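Chemist: Before I ask anything, here is the structure I am working with.
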Amino acid sequence: MRIGIAAENRPLEKRVILHPEELKSLTHRHQVLVEEGAGLGVGILDAEYSVAGCIIAPKEKVYGADLVVRIKEPVAEEVRLLKPGAILMSMMHLRCAPGLEKNLVRQKIIAVPLENIKDPLGRRIVEAVQQTGSIGMDYAFKLWGKDPSRAKVKIMGYGNVAQGAIRTAVEKLASVEILNRRHFSRMDRHIPGTDILVDAVNRPYRRNVAKETPFMTAGMLKLMKPGSVLLDLVANPEYHAPIETMKPTHMKDPYYILDGIYHTALWGWPAMDAINVSKRYSLQMAPLVRAIADKGLDKAPLSIRNAVVRLDSGERVI
Numbered sequence: 009m010r011i012g013i014a015a016e017n018r019p020l021e022k023r024v025i026l027h028p029e030e031l032k033s034l035t036h037r038h039q040v041l042v043e044e045g046a047g048l049g050v051g052i053l054d055a056e057y058s059v060a061g062c063i064i065a066p067k068e069k070v071y072g073a074d075l076v077v078r079i080k081e082p083v084a085e086e087v088r089l090l091k092p093g094a095i096l097m098s099m100m101h102l103r104c105a106p107g108l109e110k111n112l113v114r115q116k117i118i119a120v121p122l123e124n125i126k127d128p129l130g131r132r133i134v135e136a137v138q139q140t141g142s143i144g145m146d147y148a149f150k151l152w153g154k155d156p157s158r159a160k161v162k163i164m165g166y167g168n169v170a171q172g173a174i175r176t177a178v179e180k181l182a183s184v185e186i187l188n189r190r191h192f193s194r195m196d197r198h199i200p201g202t203d204i205l206v207d208a209v210n211r212p213y214r215r216n217v218a219k220e221t222p223f224m225t226a227g228m229l230k231l232m233k234p235g236s237v238l239l240d241l242v243a244n245p246e247y248h249a250p251i252e253t254m255k256p257t258h259m260k261d262p263y264y265i266l267d268g269i270y271h272t273a274l275w276g277w278p279a280m281d282a283i284n285v286s287k288r289y290s291l292q293m294a295p296l297v298r299a300i301a302d303k304g305l306d307k308a309p310l311s312i313r314n315a316v317v318r319l320d321s322g323e324r325v326i
C-alpha cells in the first residue's frame, strides 16, 4: 500500500502525525511518502524520514496515495488532490463540517475520522483529551496574568477534558469549583467573583438547530470583572457553545476581548504543545496505520472498521 504522511497547513500549526521511529516498521513492506518539511515544526528533518525508509515527496504525490494520514482535516484544495476511493485518516468532526463532508462525498473518499476510533469501552484511541484541558487551563492563567494561586476557577463539566483542567488549576493552587447540570440553569448565581470560567461541556452538535440555548448568556458578561477569562475547551461552532458570546479561535488569533472579558476557544488546543502531542499521536497512530496497510480496511480491527464513513458511496453524515 502507498501511504501518504501529509504536512499540516494551518497557520502556526507545527505538529506532524507520524514520526520516523514509528514509520520504520511500515517502510519495509509498504511505500511511505512524507510531504516535504512535514516534521520541521517539531524538529524532525526530511533526512530523518529518509533514513527510516520513507520517500520525501511533494504535496501532490502524497495526496495521491492509497491511504493519506494527517492530524487536522484537509482544506478543499487538498481534498481535490485525493484520488477517488482513497482512505483519509484525520480529525474531521464531520457533523460540524458540512463543507468538508460535501467535498469528501464529491471526491468519493473513504473517511476514517480519528475521533471516531474507539476501544471496546468507548474511549478514543487517538487522543490528547486530558492534555487539551491542561494546555487550555494553562493558557487561561496566562491571559489572566496574575498569581494563579489567587484565582477563583469554575469549571463546567467533569469529563476527561475537564479533569485535565482541574489538575492543572489545582497544581497552581487556584481555588477550584466544579459546576454540573444542576448549576447550569442558574449560571447568574455562579459567575460573580469568578476569575476564570471554563467550559468543558461536550454538548452534541445538532445541524438542524440554528442556535442552542446557552447556559451563560451575553448579558451575564457584566457579572464578571474586567480582565476575567472565559475558556472553552470544546470549541463548539458559533451559536452552539454553552457560552453565548463564544466562538472558535485559531492559533493565529487564539483569543478576543468582548466587554472587557477574554474569550478563548482554540480549535485544537493540543497544537500549543506540538512536540509532546505529536509524539503521543505518533505512538497511537502507528498500530492503526500498520493494521490497515497490512490487512486492508475490511480486515482491520473492529475499532477502525466501526469508525469508517463510506463517503465514497455517497453516504451522508447526519
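Just so we're aligned: the sequence shown equals residues 9 to 326 in this note's numbering.
Cβ atoms here follow ideal geometry from the backbone N, Cα and C, with glycine treated the same way.
No experiment lies behind these values; they were computed from the predicted model shown.
(1) Which word fits N244, buried or exposed, when buried means at least 16 other C-beta atoms lie within 10 angstroms of its C-beta?
(2) In angstroms, rounded to a whole number, what distance separates the CA positions of E185 and G201?
(3) Distance, Cα to Cα, E43 vs T176?
(4) Who does H271 pair with in a DSSP beta bridge?
(5) Hey, quick one: how far does the beta strand (DSSP E) through V113 stretch, first residue to last?
(6) Could you compute how far the alpha carbon of L96 sits from the alpha carbon of K260?
(7) Taking the straight line between their C-alpha atoms, what separation do you get for L26 and I13?
(8) Helix, strand or coil for L205 per DSSP?
(9) Does the separation of the CB atoms of V242 and V169 fall below 9 Å?
(10) Measure the alpha-carbon distance for Y57 versus P28 and round it to whole angstroms.
(11) Is E21 helix, strand or coil when you go by DSSP?
(12) Comparing alpha-carbon positions, which option in D207, R131, S236, V59 lies nearest M164?
(13) Going by DSSP in three states, P278 sits in which element: helix, strand or coil?
(14) Measuring CB to CB, does Y147 end up less than 9 Å from W277?
(15) To the nearest angstrom, how far is the alpha carbon of I269 from that of E179?
(16) If you draw a straight line from the C-alpha of A119 to the C-alpha of A294, how long is it?
(17) According to DSSP, simplified to helix, strand and coil, what is I312?
(18) Flag this pair as yes or no: are the beta carbons of A182 and I204 separated by less than 9 Å?
(19) Please look up how many angstroms separate the CB atoms of I251 and L238, rounded, as I've assumed it's under 8 Å.
(20) Out of P19, H248, A84, G93, point me to the one whose CA is closest to D320's CA.
(21) Any chance you could list the beta strand (DSSP E) runs of at least 3 consecutive residues sitting entirely within the region 157 to 213, in chain order?
(22) In the region 73 to 99, which residue ranges form an unbroken beta strand (DSSP E) of at least 3 residues, counting only runs that do not cross its ends?
(23) With DSSP as the reference, label R318 as helix, strand or coil.
(24) Indicate the three-state DSSP secondary structure (helix, strand or coil) for P121 in the structure shown.
(25) Where does N111 land, buried or exposed, given buried means 16+ other C-beta within 10 angstroms?
Modeler: Concretely, from the data shown:
(1) One-based indexing of the sequence shown puts residue 244 at position 236. Buried, since its Cβ has 16 or more Cβ neighbours within 10 Å.
(2) Taking the first residue of the sequence shown as position 1, residue 185 is located at position 177. Taking the first residue of the sequence shown as position 1, residue 201 is located at position 193. Rounded to whole angstroms, E185 to G201 spans 12 Å at the Cα level.
(3) Along the sequence shown, one-based indexing puts residue 43 at 35. Along the sequence shown, one-based indexing puts residue 176 at 168. Looking at the two C-alpha atoms, the distance is approximately 36 Å.
(4) Taking the first residue of the sequence shown as position 1, residue 271 is located at position 263. DSSP lists L238, Y264 as partners of H271.
(5) Here residue 113 refers to the residue found at position 105 of the sequence shown. Note, V113: premise wrong, no beta strand (DSSP E); alpha helix (DSSP H) at 106 to 115.
(6) Against the sequence shown, residue 96 aligns to sequence position 88. Against the sequence shown, residue 260 aligns to sequence position 252. Take the alpha-carbon of L96 and the one of K260: they are about 26 Å apart.
(7) What you label residue 26 is simply residue 18 of the sequence shown in a count that begins at 1. What you label residue 13 is simply residue 5 of the sequence shown in a count that begins at 1. The straight-line gap from Cα to Cα measures roughly 7 Å.
(8) Taking the sequence shown and counting its residues from 1, the one referred to as residue 205 is at position 197. The answer is strand: DSSP assigns L205 an E or B state.
(9) Here residue 242 refers to the residue found at position 234 when the sequence shown is read from its first residue. Here residue 169 refers to the residue found at position 161 when the sequence shown is read from its first residue. Cβ atoms of V242 and V169: closer than 9 Å.
(10) To locate residue 57, count along the sequence shown from 1; it is residue 49. To locate residue 28, count along the sequence shown from 1; it is residue 20. Approximately 5 Å, taken between the alpha carbons.
(11) Looking up residue 21 in the sequence shown gives position 13. Of the three classes helix, strand and coil, the one that applies to E21 here is coil, per DSSP.
(12) For the purposes of this step, residue 164 is taken as the residue at position 156 of the sequence shown. Nearest C-alpha to M164: D207.
(13) Within the sequence shown, numbered from 1, the residue matching residue 278 stands at position 270. Collapsing the DSSP output to three states places P278 in a helix.
(14) Within the sequence shown, residue 147 is the residue found at index 139, counting from 1. Within the sequence shown, residue 277 is the residue found at index 269, counting from 1. In contact: Y147 and W277 (Cβ atoms closer than 9 Å).
(15) As a working mapping, residue 269 is identified with position 261 in the sequence shown. As a working mapping, residue 179 is identified with position 171 in the sequence shown. I269 and E179: Cα-Cα distance of roughly 24 Å.
(16) Residue mapping note: residue 119 aligns to position 111 of the sequence shown, counting from 1. Residue mapping note: residue 294 aligns to position 286 of the sequence shown, counting from 1. Whole-angstrom Cα-Cα distance: 17 Å.
(17) Taking the first residue of the sequence shown as 1, we reach residue 312 at position 304. Residue state, collapsed to three classes: helix.
(18) For this step, residue 182 is matched to residue 174 along the sequence shown. For this step, residue 204 is matched to residue 196 along the sequence shown. I204 sits close to A182, with the two beta carbons spaced by under 9 Å.
(19) By 1-based counting over the sequence shown, the position of residue 251 is 243. By 1-based counting over the sequence shown, the position of residue 238 is 230. With 8 Å as the limit, I251 and L238 qualify as a contact, their Cβ atoms being about 6 Å apart.
(20) Residue numbering aside, residue 320 sits at position 312 when the sequence shown is read from its first letter. It is G93 whose Cα lies nearest to the Cα of D320.
(21) Fully enclosed beta strand (DSSP E) runs of 3 or longer: 160 to 164, 183 to 187, 204 to 207.
(22) Counting only runs of 3 or more residues that sit fully inside the region 73 to 99, the beta strand (DSSP E) segments are 75 to 77, 95 to 98, in chain order.
(23) Taking the first residue of the sequence shown as 1, we reach residue 318 at position 310. Note: R318 maps to strand in three-state DSSP.
(24) Here residue 121 refers to the residue found at position 113 of the sequence shown. In this structure, P121 counts as strand in the three-state DSSP scheme.
(25) Numbered from 1 along the sequence shown, position 103 holds the residue referred to as residue 111. Classification of N111: buried, given that the 10 Å Cβ count is 16 or more.
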